[in-house]
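Residue numbers (our numbering): 18 to 210.
For glycine and all other residues, C-beta sits at the position ideal for the given N, C-alpha and C.
Source: prediction; values computed, not measured.
Working notes, structure below.
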């Protein structure tokens, strides 16, 4: 991803994540980015110092200045895409839109205990396979999407090992990570349209 010289890729990824989540506890930021970015604390500190995010009781929220900044970075990125790359981004957004309905249906069946745990897991695994296939084509353009793939894979592994809290109840549950990813792609697609 081409980010102008005033913003590092790490700063964009963290700012983008906080924009999607609205308010994010520090420990969630570290669990999401800690392995991928060295000095995550320094990145957050710079964002606070520049006025893009504010801290409140060990959590971070995006400021209006930060919202404008992340939107500008997205727009600059989209403007640098070829028409084929823009179409690819829109296609993946459409695929995730369709998958979101299926995932929501699956989650509802899980919450109502309207299907067996095995069938729920199989449905989530089917969504996962389609998400993985769709995102692989976008990784060269948007490498921070690997973070979502890793988190989805980890959630699915925990679900398959019997930890059903990772279906919908945990901050890193399959449901929440999928919807963060979907919101992220929708934010980029909105800059195309």
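Its Cα nearest to that of residue 119, the residue 143 stands out among 174, 143, 102.
Listed as beta-bridge partners of residue 42 by DSSP are 76.
The alpha-carbon of residue 165 is positioned some 10 Å away from that of residue 189.
Ranking 141, 201, 111 by CA distance to the CA of residue 173 puts 141 first. Here residue 153 is exposed. Its C-beta has fewer than 16 other C-beta atoms within 10 Å.
Between residue 202 and residue 110 the beta-carbon gap is near 5 Å, inside 8 Å, which marks them as a contact. Straight-line spacing of the CA atoms in residue 115 and residue 147 works out to 11 Å. Residue 135 carries a helical assignment under DSSP once its states are collapsed to helix, strand and coil. For residue 71, the three-state secondary structure derived from DSSP is strand. Taking residue 82 as the centre and dropping the five residues before and after it, the same chain places the C-beta of 68, 69 closer than 7 Å to its C-beta, in chain order.
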